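> Start counting the sequence shown at 24; every next residue gets the next number (the numbering used here).
Take a look at the following structure, please.
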Amino acid sequence: MNEIGDRLRLAAIELEDDMVAAGYEFRPVAREFDWTFNVIQSQQPNAFCLPGGYVAVYPGILDITGNYDGWVTASDIDDV
């Protein structure tokens, strides 16, 4: 599970770099978070983000997205 969380964290960093390069500005408070990524063992297709930089991903979302990297991370981090 830690490996998946680490992959999510790295994907989020890469995504942020790409988005900043494209002119997108993150809310300043988001840079202060100590982002935490968790995998919840369920086949339910879901992912969510909570205030403070907590992101949770259900493996069932892979049936929809194909992988953890990118869409799930971008979609849920943007919610913060």
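No residue lacks a Cβ here, since even glycine has one placed at the ideal position from N, Cα and C.
Note that the structure is predicted; figures quoted are calculated from it, not measured.
(1) What distance in whole Å lies between the Cβ atoms of Ile84 and Asn61, which are believed to be in contact at a cut-off of 8 Å?
(2) Out of curiosity, what's the CA-to-CA distance linking Leu31 and Phe56?
(3) Give me whichever residues DSSP pairs with Tyr77 in a beta bridge.
(4) Could you have a look at Glu37 and say whether DSSP puts it in helix, strand or coil?
(5) Helix, strand or coil: which one does DSSP assign to Glu48?
According to the structure shown:
(1) With a Cβ gap of about 13 Å, Asn61 and Ile84 do not count as contacting.
(2) 15 Å
(3) Thr59 and Leu73
(4) helix
(5) coil
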